[in-house]
């Protein structure tokens with residue numbers, strides 16, 4: 443097993459690294475949207491960015507006026523300083539422990555993944571899914587342990603601990619172990635879903651997850667919620683093409699019924715944002731479905747899962763549906779969601795499965 447780093451020692455190392463970065467500048471691995479936002483954030487904090495480094499052909503990368511080098515062709519003086527990995531997504535080729543190893547093997551003196559350096563640039567970078575300053579974790583210790591105790595099996599507790607170690611940069615020598623089961627509808631848990639099933643999909647996107655549900659469940663009725671004005675017509679068209687018994691609604695889910703600002707046009711990543719470019723309607727499920735049966739509730743709504751659960755409290759207490767709730771959008775969802783579900787007092791068995799790399803697409807499942 444890879445050695446686990448000491449949290450206090452890591453924070454001390456990163457303080458020294460930040461001082462060196464401000465003195466000598468940094469390279470950034472990657473040249474995509476996240477990497478370019480990182481460059482702006484670094485420069486706003488007085489950290490000079492010396493170049494972008496890419497794994498592909500340098501001429502194909504957007505440079506924004508900086509030199510761009512292939513990983514095998516970085517000048518020696520640059521490799522003597524730190525490199526920040528400016529790649530952050532769920533794709534297998536973006537797995538952070540592998541990218542870190544490649545940069546170390548290329549001779550860089552210091553290699554930092556996003557969870558290590560995020561505290562340097564958090565104010566400028568804003569919400570970036572589960573990223574959070576490492577110094578914020580110690581105060582969450584009791585909440586984390588309470589959530590761990592809510593999990594129903596050893597495999598879930600091990601996944602929970604591994605995700606926490608990865609997100610705190612305490613274990614970076616090997617990738618996180620992924621579940622072999624498909625997301626949202628793992629065969630090992632389907633026995634707990636009522637059949638025929640009334641399925642509610644919060645964050646239905648273009649209908650991909652609804653179609654997955656239709657392939658493995660006997661669906662009596664579907665409620666599909668998708669507030670993005672670009673995604674919604676695709677959802678409706680797909681439901682029609684598949685002939686599914688779906689009620690599609692162009693609204694979001696929250697703990698109140700209101701109009702809120704929303705960042706539209708980001709595909710499956712569209713999300714609520716106080717500075718968003720679009721106004722959308724959000725509703726409480728307890729208001730909309732006060733007298734409707736729900737057997738399966740899936741929520742993957744880009745960081746608003748806790749609010750949606752609060753807005754469905756009566757539905758949950760009265761019906762106790764099977765739950766599949768995304769666990770990776772907010773850093774504290776990892777402990778707030780299982781604690782909320784356990785706190786309903788319904789005897790839910792809560793499990794955690796990780797379906798994509800870098801701790802993205804982790805899902806809490808709960809059934810009675």
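Residue numbers (this note's numbering): 443 to 810. Quick reminder that beta carbons are idealized off the backbone N, C-alpha and C, glycines included. Note that the structure is a prediction, hence the values are computed from the model and not measured.
Hey, would you say residue 749 sits closer than 8 Å to residue 696, going by beta carbons? Reading the chain shown from its first residue, position 307 is the one you call residue 749. Reading the chain shown from its first residue, position 254 is the one you call residue 696. Note that the C-beta distance between residue 749 and residue 696 is below 8 Å.
Minimum C-alpha distance to residue 745 - residue among 735, 723 and 768: For the purposes of this step, residue 745 is identified with residue 303 of the chain shown, where counting begins at 1. The option with the nearest alpha carbon to residue 745 is 768.
What beta strand (DSSP E) runs, 3 residues minimum, are completely inside the segment 603-686? Entirely contained in the segment 603-686, the beta strand (DSSP E) runs reaching 3 residues are, in chain order, 639-644 and 661-667.
Residue 733 by DSSP, collapsed to three states: which one? Working through the chain shown from its first residue, we reach residue 733 at position 291. For residue 733, the secondary structure class from DSSP, reduced to helix, strand or coil, is coil.
Taking CB distances under 8 Å as the criterion, tell me whether residue 676 reaches chain C. No chain C appears in the structure shown, which is made up of a single protein chain.
For residue 646 versus residue 684, is the C-beta spacing smaller than 8 Å? Taking the first residue of the chain shown as 1, we reach residue 646 at position 204. Taking the first residue of the chain shown as 1, we reach residue 684 at position 242. No Cβ-Cβ contact shorter than 8 Å links residue 646 with residue 684.
Short check: CB of residue 648 to CB of residue 740, under 8 Å? Numbered from 1 along the chain shown, position 206 holds the residue referred to as residue 648. Numbered from 1 along the chain shown, position 298 holds the residue referred to as residue 740. Their beta carbons are not under 8 Å apart, which means residue 648 does not touch residue 740 by this criterion.
Residue 802 - DSSP class collapsed to helix/strand/coil: Locating residue 802 in the chain shown gives position 360, counting from the first residue. Of the three classes helix, strand and coil, the one that applies to residue 802 here is coil, per DSSP.
Measuring straight from C-alpha to C-alpha, what distance separates residue 583 and residue 704? Residue numbering aside, residue 583 sits at position 141 when the chain shown is read from its first letter. Residue numbering aside, residue 704 sits at position 262 when the chain shown is read from its first letter. Straight-line spacing of the CA atoms in residue 583 and residue 704 works out to 33 Å.
Does the segment 541-550 come into contact with the segment 617-634, if we say contact requires no fewer than three beta-carbon pairs (one atom in each stretch) closer than 8 Å? Judged by Cβ distances under 8 Å, the segment 541-550 makes no contact with the segment 617-634, as fewer than three pairs qualify.
Span of the alpha helix (DSSP H), counted from its first residue to its last, around residue 459: By 1-based counting over the chain shown, the position of residue 459 is 17. First-last of the alpha helix (DSSP H) with residue 459: 449-466.
How big is the Cα-Cα spacing for residue 581 and residue 587? Stepping through the chain shown from its first residue, residue 581 is reached at position 139. Stepping through the chain shown from its first residue, residue 587 is reached at position 145. Rounded to the nearest whole angstrom, the C-alpha separation of residue 581 and residue 587 is 12 Å.
Which residue's Cα is closest to the Cα of residue 601: 808, 809 and 797? Along the chain shown, read from residue 1 onward, the residue named residue 601 stands at position 159. Nearest C-alpha to residue 601: 797.
Mind checking who residue 703 pairs with in its DSSP beta bridge? Numbered from 1 along the chain shown, position 261 holds the residue referred to as residue 703. 721.
By a C-beta neighbour count over all protein chains shown, 10 Å radius and 16 as the cutoff for buried, is residue 477 buried or exposed? Position 35 of the chain shown, counted from the first residue, corresponds to residue 477. It is buried - the Cβ of residue 477 has at least 16 other Cβ atoms within 10 Å.
Reduced DSSP category for residue 481 - H, G, I as helix; E, B as strand; rest coil: In the chain shown, the residue the question calls residue 481 occupies position 39. It is helical.
From residue 717 to residue 792, what does the alpha carbon distance come to, in whole angstroms? The residue you call residue 717 lines up with position 275 of the chain shown. The residue you call residue 792 lines up with position 350 of the chain shown. Taking the straight line from one Cα to the other gives about 35 Å.
Compare the C-alpha of residue 640 against each of 652, 658, 662 and 626 and name the closest. Residue mapping note: residue 640 aligns to position 198 of the chain shown, counting from 1. That would be 662, whose Cα lies nearest to the Cα of residue 640.
The segment 759-766 in contact with the segment 560-580 per 3-pair CB rule at 8 Å: Contact between the segment 759-766 and the segment 560-580 is absent, because fewer than three Cβ pairs lie under 8 Å.
If you compare alpha carbons, which of 598, 733 and 514 is closest to residue 758? To locate residue 758, count along the chain shown from 1; it is residue 316. Comparing Cα positions, the closest option is 733.
Between the CA atoms of residue 725 and residue 575 - distance to the nearest angstrom: Counting from 1 along the chain shown, the entry for residue 575 is found at position 133. Counting from 1 along the chain shown, the entry for residue 725 is found at position 283. Roughly 32 Å separates the two Cα atoms.
In this structure, how does DSSP classify residue 690 when only helix, strand and coil are distinguished? Position 248 of the chain shown, counted from the start, is the residue given in the question as residue 690. Residue 690 sits in a strand when the DSSP states are folded into three classes.
Would you identify the three-state DSSP class for residue 524, choosing helix, strand or coil? On the chain shown, position 82 is the one that residue 524 refers to. DSSP, reduced to helix, strand and coil, places residue 524 within a strand of the structure shown.
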